[in-house]
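Each residue of the sequence shown is one higher than the last, beginning at 1343 in our numbering.
Glycine included, every Cβ here is placed at the ideal spot set by N, Cα and C.
Predicted, not measured: the structure shown is a model, and the values here were computed from it.
Let me begin by presenting the structure, written as structure tokens, before commenting on it.
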Amino acid sequence: MPGTKRKTKEKIQKEGRYARFKSRSKKLKYIKTPGGRTKIHYKKKKPSKAKCAECGKQLAGTLRKHPSKMKNTPKNSKRPERPYGGYLCSGCMRKKIVKGARTK
Ligand SMILES: [Zn+2]
1343 MPGTKRKTKE KIQKEGRYAR FKSRSKKLKY IKTPGGRTKI HYKKKKPSKA KCAECGKQLA
1403 GTLRKHPSKM KNTPKNSKRP ERPYGGYLCS GCMRKKIVKG ARTK
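Given below as structure tokens:
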């Protein structure tokens, strides 16, 4: 049969990539349709990791979800529940609190 020849991934990419998904940084997922054709699905990009405002270290205990998913997650699972949680790392928070107590 003439229509059953398999296409290469490059060919599918060339056919399937249209204007707003032309970016090379988008992650692709090849999906087989019930009709036997291969289509491209695009994965959503994740936001960057949260960083400490003082030292720039990556913050632990913070989520990395799409903003639309973040809306429905409870606040206490988005950042650690302590002073400056989700803003400063634990070391910088400790320093800041100690510094504040000493200057009084
Ligand atoms: Zn820090």
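{"Query": "For methionine 1343, three-class secondary structure by DSSP", "Result": "With a pLDDT of 48 at methionine 1343, under the threshold of 50, the predicted position of this residue should be treated as unreliable, and no value is reported."}
{"Query": "Status (buried if at least 16 other CB within 10 Å, exposed otherwise) for cysteine 1431", "Result": "buried"}
{"Query": "DSSP bridge partner residues for isoleucine 1316 (one or two, in chain order)", "Result": "Here the chain has residues from 1343 to 1446 only, and residue 1316 is not among them."}
{"Query": "Bridge partners - threonine 1380, DSSP secondary structure assignment", "Result": "Lys1374"}
{"Query": "Start and end residues, alpha helix (DSSP H) containing proline 1409", "Result": "1409 to 1412"}
{"Query": "Helix, strand or coil at lysine 1356 according to DSSP, with G and I counted as helix", "Result": "helix"}
{"Query": "heavy atom of ligand 1 below 7 Å from glutamate 1396 C-beta", "Result": "yes"}
{"Query": "Own chain partners of lysine 1371 with C-beta closer than 8 Å, once the 5 adjacent residues on each side are dropped", "Result": "Ile1382, His1383, Tyr1384, Lys1385"}
{"Query": "Validate contact between the stretch 1416 to 1429 and the stretch 1391 to 1408 using beta carbons, cut 8 Å, 3 pairs", "Result": "yes"}
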